[in-house]
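Chains as they are written, first to last, in our numbering: chain A, 7 to 264; chain B, 206 to 424.
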């Protein structure tokens, strides 16, 4: 059952990782392997460190001046906490999606083309192709192909979120991090994003923070349960949601606290 | 642990319904054997009638459990609690049917069959009743040690059943004219044996609840 740690190559290997905001420890001795081309769900009550954890994976937390980090965080074999890393290059490989779709106040086309342009893609034909492929991958192409030059802000919430996923994958990352990507969406848009996640995992490694336990159960291969900055239990999703090994996991997933 | 108080209340109510249904099956077996031994046709008819109420109670438990799954979307142990509620209520309903079948056998035998009902049937009944009691306790306290004990008692019932049937077969050789009556007695022994089997299913459900895996208590 524990296929996640044995047979699939881990993209991230996190070991004894600690994180402090000033004097406040937000992550404690975190150990986790995130396997390639699988969906890893991160669950836990508010303030448990799950968003912090995900923002550590692309070193976004380092933007906060009071943050201190220790331990090891290997991305494709390189300890990115210790070695000098090119952040622009790192984030090209690790895309991120947030709670609410946050398209730039630009056209739909320019939103998707933004990343590739930054990374030096200039030829219109190439850009057209990336925009089309990315929008097709998120199943948005048919809805917007006739108005690519309209403002992205005119799209519905669900469309905006799919556009942001298209923007994230336009730079061909290997990992997509999602921090509660459907918490602001209606049920149908939520299910479309979930469907999309299942399709995208063939090409990307996905880490998703979610408050919605059923969502974690539906879409993930592996689930990590965080509480007070620690991983209480991480295992394949089938086991975690049917026979969790820790009482606290059981209480949380059964809705007895949190 | 204040969250999901309503769900907890509903789970407790469901559990009480199941325990009460289990006690009804106990009563049914007791009474049907009484009808058999005392050649009491009226009592036998009452039991057959009463079985309909058990069927309704099983239906009610099923409906409640399905609604709770739909509304509360339980996972892990909570989900298994509801799954076993469905399974156990079905076992209890079948136990009621077995008691009803004994009542029917009593009617078939009639009032003046002139046979002595084999005393081993009474011993089988006593053990089967003990098994219901044990399964109720195992269910109530989610106690797998008690659940496992059901397997031992079931072996006992199976052995008694084997002996009774052998003896009765011998009797048919010497009393061919009584074959219909002896058959009814053998059937009754079989119904008690099946009744006991269902209590081991209840035990298996409890093991599944606690362990999250399926184990066989009835080999």
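Heads up, the beta-carbon is just placed ideally off N, CA and C, and yes, glycines get one too.
Please read these numbers as outputs of a predicted model, since none were measured by experiment.
Nearest-angstrom beta carbon gap, residue j and residue i [assumed within contact, 8 Å]
i: residue 345/B; j: residue 224/B; result: 6 Å
i: residue 417/B; j: residue 248/A; result: 6 Å
i: residue 200/A; j: residue 225/A; result: 5 Å
i: residue 243/A; j: residue 222/A; result: 7 Å
i: residue 230/A; j: residue 106/A; result: That pair is no contact at about 24 Å.
i: residue 262/A; j: residue 209/B; result: 6 Å
i: residue 168/A; j: residue 202/A; result: 7 Å
i: residue 46/A; j: residue 166/A; result: No, residue 46/A and residue 166/A are not in contact; Cβ-Cβ is about 25 Å, not under 8 Å.
Cβ neighbours of residue i in the same chain (closer than 7 Å, five flanking residues each side left out)
i: residue 407/B; result: 293, 296, 340 and 344
i: residue 57/A; result: 185 and 215
i: residue 156/A; result: 113 and 114
i: residue 234/A; result: 54
i: residue 206/B; result: Confidence in residue 206/B is poor, its pLDDT being 47 and thus under 50, which makes the residue's placement unreliable; the coordinate value appears in the next sentence. Contacts found: none.
i: residue 270/B; result: 219, 287, 290 and 291
i: residue 204/A; result: 225
i: residue 354/B; result: 339
i: residue 64/A; result: 96, 97, 100, 102 and 183
Distance CB(residue i)-CB(residue j) smaller than 8 Å
i: residue 77/A; j: residue 22/A; result: yes
i: residue 177/A; j: residue 90/A; result: no
i: residue 173/A; j: residue 118/A; result: yes
i: residue 359/B; j: residue 373/B; result: no
i: residue 390/B; j: residue 325/B; result: no
i: residue 300/B; j: residue 217/B; result: no
i: residue 257/B; j: residue 222/B; result: no
i: residue 182/A; j: residue 103/A; result: yes
i: residue 158/A; j: residue 109/A; result: yes
i: residue 255/B; j: residue 233/B; result: yes
i: residue 253/B; j: residue 305/B; result: yes
i: residue 211/A; j: residue 180/A; result: yes
Spatial neighbours of residue i in its chain, beta-carbon cut-off 8 Å, leaving aside the 5 residues before and after
i: residue 376/B; result: 383 and 387
i: residue 279/B; result: 212, 273, 286 and 287
i: residue 232/A; result: 48, 49, 50, 54, 55, 56, 59 and 238
i: residue 314/B; result: 241, 244, 320, 386, 389 and 390
Residues that residue i contacts on chain B, provided the C-beta gap is smaller than 8 Å
i: residue 240/A; result: Correct list: empty, because the minimum Cβ distance to chain B is about 16 Å.
6 Å Cβ shell around residue i - same chain, five flanking residues per side excluded
i: residue 123/A; result: none
i: residue 154/A; result: 114 and 115
i: residue 413/B; result: 419
i: residue 75/A; result: 25 and 87
i: residue 147/A; result: 141
Cross-chain neighbours of residue i in chain A, by beta carbon under 8 Å
i: residue 280/B; result: 219, 223, 247, 248, 259 and 260
i: residue 301/B; result: Within chain A, no residue comes near residue 301/B; the closest Cβ sits about 31 Å away, beyond 8 Å.
Chain-ordered chain B contacts of residue i [CB-CB under 7 Å]
i: residue 256/A; result: 281 and 282
Strand pairing of residue i, partner residues [DSSP]
i: residue 241/A; result: 229/A
i: residue 27/A; result: 30/A and 73/A
i: residue 211/A; result: 181/A
i: residue 167/A; result: According to DSSP, which records beta bridges pairwise, residue 167/A is partnered with nothing at all.
i: residue 113/A; result: 157/A
i: residue 48/A; result: 215/A and 230/A
i: residue 269/A; result: There is simply no residue 269/A to check, as chain A begins at 7 and stops at 264 in what is shown.
i: residue 84/A; result: 81/A
i: residue 41/A; result: 16/A
i: residue 236/A; result: 233/A
i: residue 271/B; result: None, per the DSSP bridge assignment.
i: residue 103/A; result: 184/A
i: residue 36/A; result: 23/A
Listed by chain order, chain A residues near residue i by CB distance under 7 Å
i: residue 417/B; result: 248 and 249
Cutoff 8 Å: residue i Cβ touching any chain E Cβ
i: residue 24/A; result: Among the chains of the structure shown, chain E does not appear; the protein chains present are A and B.
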